Amino acid sequence: METYLRKRKVLMIPGPTEVSFSVLAAMSRPVMAHYGPEWTPIITETTDMLKKVFQTRNDVFIMPGSGTLSMEASVVSLFERGDKVLSIVSGFFGKRFRDLAFSHGAKVIEHRVTFGEPIEPDAVDRKLAQEKDVKAITVIHNETSSGTVAPIKQLGEVARKHDALLIVDSISSLGGVDLRTDEWNVDVNASASQKCIGVPPGLSLIAVGERAWESMKKRKSPIPGIYMNLSMWREAAKKAGSPVTTPSSLILGLRASLIEILEEGLENRFRRHALAGRAVREGVKAMGLQLFATKEEYASNTVTVIKTPRGIDDAKLREVMSERHGIMIGGGLGELEGKTFRIGHMANTASRTYIIPTISALESTLSGLGFKLEAGKAVAAVHKTFE
Ligand SMILES: Cc1ncc(COP(=O)(O)O)c(C=O)c1O
17 METYLRKRKV LMIPGPTEVS FSVLAAMSRP VMAHYGPEWT PIITETTDML
67 KKVFQTRNDV FIMPGSGTLS MEASVVSLFE RGDKVLSIVS GFFGKRFRDL
117 AFSHGAKVIE HRVTFGEPIE PDAVDRKLAQ EKDVKAITVI HNETSSGTVA
167 PIKQLGEVAR KHDALLIVDS ISSLGGVDLR TDEWNVDVNA SASQKCIGVP
217 PGLSLIAVGE RAWESMKKRK SPIPGIYMNL SMWREAAKKA GSPVTTPSSL
267 ILGLRASLIE ILEEGLENRF RRHALAGRAV REGVKAMGLQ LFATKEEYAS
317 NTVTVIKTPR GIDDAKLREV MSERHGIMIG GGLGELEGKT FRIGHMANTA
367 SRTYIIPTIS ALESTLSGLG FKLEAGKAVA AVHKTFE
């Protein structure tokens, strides 16, 4: 048992996350070809289910790759040299979108938000009015580095008002937090398999709306390359195909997970993540720790970012959690490294089954490292939230 626990870590990091038995079972069958009469109904059904999770009637693609690929595919396909892009930077991944746009030649205007603070749509509105001719806004829905959520509905209204495209990264929120791609005017929604979708890493998921296609048609130069060229994915999808060999086993895992997600129902799933987020926050606060998000109503329901208390070495904290308790939690990212640590509660781990042992282990670990707390108070707060 001891050896098993040391080898098999429970993933309470903010992705990749734990996957269900049905996903594992679906991936364990003999490899299938990514085309042909057996494959066509599978990819068609999977794509249709994915559209429901993206809450879109437009195109969705399943590409081999990580989340960054879906972000970069949107940049490569939409932006030409000199295009004006407003990048909202409220954490580590906002910077990544900014840097991707910049490195592919866009003229990037950064809209910086103090990490941990909410994004103010009015401030974005004013910036767009000032700048004029902004082609697109990039924003992270759920900033996994700061544990905050962006007001996408309001940003969608602002984007429309200024005739700018809205490109959203939902890598750590899709399937866990409500994000209505079509209704909220999201033109490109970039995501991935390994977080709230509950599938191993390796699939890049992307939804592309009509306004984004129109914008691509108006490009002066053709979209470069193949892999990230969304128009090639659209062309191939007309015949249930893809421009590259897709990982059929992972897609079978995705299919199994989407069946589970839709059986649970999106509303129920969002509610479950909201409850999980609240339970973790209540536990953390009862321990005497501080959340990194400055306003709890904007705190993420899929990842909780916690300020590392003074005198605690966060690397040691994570080591004890992993080695003694068999539970992996995440460290801080970028400029928040050492200053914060993170607990993921996504897909299957957004449940009392995973959260109660995690909070209990955290309490014991912190206490062992000399942090003063009242033993049992945090676990009691979590139980109470779940009651
Ligand atoms: C919000 C967000 N964007 C982008 C990424 C990068 O995704 P990947 O590591 O799958 O490329 C992550 C990964 O943690 C993320 O949480």
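Under the numbering used here, the first residue of the sequence shown is numbered 17, with each subsequent residue one higher. For each residue, glycine too, the CB sits at the ideal point set by N, CA and C. In this text, all values refer to a predicted model and were calculated from it rather than measured experimentally.
For residue i, which option in the options has the closest C-alpha, if you only look at C-alpha atoms?
i, options, result
"Lys23", "Ala152, Thr369, Met344", "Met344"
"Leu102", "Phe308, Thr60, Lys148", "Lys148"
"Glu226", "Thr160, Ile153, Pro80, Asp203", "Asp203"
"Ala228", "Ser188, Ser207, Leu182", "Leu182"
"Ile29", "Ile153, Asn364, Ser93", "Asn364"
"Ala397", "Lys25, Val300, Leu195, Leu305", "Val300"
"Asn201", "Thr261, Ser207, Val224", "Val224"
"Pro137", "Leu171, Gly107, Lys151, Leu116", "Leu171"
"Ala292", "Trp249, Glu403, Gly346", "Glu403"
"Leu270", "Thr374, Pro216, Ala315", "Pro216"
"Tyr370", "Gly342, Ala117, Ala139, Gly347", "Gly342"
"Glu159", "Gln71, Pro46, Asp198, Val184", "Val184"
"Asp329", "Gly354, Phe70, Leu349", "Gly354"
"Glu312", "Arg326, Pro325, Arg294", "Arg294"
"Gly257", "Ser207, Ala208, Ile135, Thr63", "Thr63"
"Ser106", "Gly392, Met337, Arg326, Tyr314", "Tyr314"
"Leu85", "Ala117, Val69, Thr310", "Ala117"
"Pro80", "Gly348, Asp141, Pro263", "Pro263"
"Ala290", "Ile135, Thr154, Thr401", "Thr401"
"Ser1", "Glu298, Val91, Asp141, Gly52", "With the chain running from 17 to 403 in the structure shown, residue 1 is simply not present."
"Val39", "Ile372, Gln210, Gly350", "Gln210"
Using DSSP bridges, identify the partner residues of residue i.
i, result
"Phe357", "Ile322, Gly347"
"Asn74", "BP columns for Asn74 are empty, so no partner."
"Ser38", "Ser38 pairs with nothing; no bridge assigned."
"Asn205", "Val184, Ala223"
"Leu27", "Met344"
"Ala366", "In DSSP, Ala366 forms no bridge with anything."
"Leu378", "None, per the DSSP bridge assignment."
"Met79", "Ser220"
"Leu352", "Partner(s): none; Leu352 has no beta bridge."
"Ala315", "Thr164"
"Leu85", "According to DSSP, which records beta bridges pairwise, Leu85 is partnered with nothing at all."
"Leu307", "Ile322"
How many Å lie between residue i and residue j at the Cα?
i, j, result
"Leu274", "Lys388", "43 Å"
"Val296", "Ser247", "42 Å"
"Gly241", "Ile78", "18 Å"
"Ser383", "Leu307", "18 Å"
"Ala42", "Ser36", "10 Å"
"Glu54", "Arg73", "25 Å"
"Ala252", "Pro57", "15 Å"
"Ala272", "Ser186", "21 Å"
"Lys143", "Val165", "20 Å"
"Met244", "Ala394", "46 Å"
"Val124", "Gln146", "14 Å"
"Glu339", "Leu268", "33 Å"
"Ala377", "Leu27", "13 Å"
"Gly214", "Glu379", "27 Å"
"Gly83", "Asp179", "26 Å"
"Leu195", "Val150", "23 Å"
"Ile156", "Gly110", "6 Å"
"Asp115", "Gly218", "22 Å"
"Ala49", "Lys67", "23 Å"
"Leu282", "Ser231", "31 Å"
"Ser161", "Leu352", "8 Å"
"Lys399", "Arg288", "Before going further, note that residue 399 is His rather than Lys in the sequence given. Taking the straight line from one Cα to the other gives about 15 Å."
"Ile375", "Lys25", "16 Å"
"Thr381", "Leu305", "13 Å"
"Ser44", "Ser265", "7 Å"
"Thr33", "Ser188", "11 Å"
"Arg112", "Lys254", "32 Å"
"Val193", "Asn317", "7 Å"
"Glu280", "Arg368", "17 Å"
"Glu390", "Gly163", "25 Å"
"Lys236", "Leu94", "11 Å"
"Cys212", "Arg334", "22 Å"
"Asp198", "Ile222", "13 Å"
"Gly346", "Glu88", "24 Å"
"Val76", "Arg285", "21 Å"
"Ala152", "Ala175", "8 Å"
"Pro167", "Thr154", "13 Å"
"Pro134", "Val140", "12 Å"
Q) Would you say the segment 92 to 101 touches the segment 129 to 137, given that touching needs at least three Cβ pairs under 8 Å? A) no
(Q) Below 8 Å, how does it come out for the segment 307 to 326 and the segment 349 to 365: are there three or more Cβ pairs, yes or no? (A) Three or more beta-carbon pairs drawn from the segment 307 to 326 and the segment 349 to 365 are found closer than 8 Å, and the two stretches are therefore classed as touching.
Q | 3 or more residues per run - each beta strand (DSSP E) lying fully within the segment 96 to 171 | A | 100 to 105, 123 to 128, 152 to 156
Q: Entirely within the segment 253 to 305 and at least 4 residues each: give me those alpha helix (DSSP H) ranges in chain order.
A: Listed in chain order, they are 264 to 280, 282 to 302.
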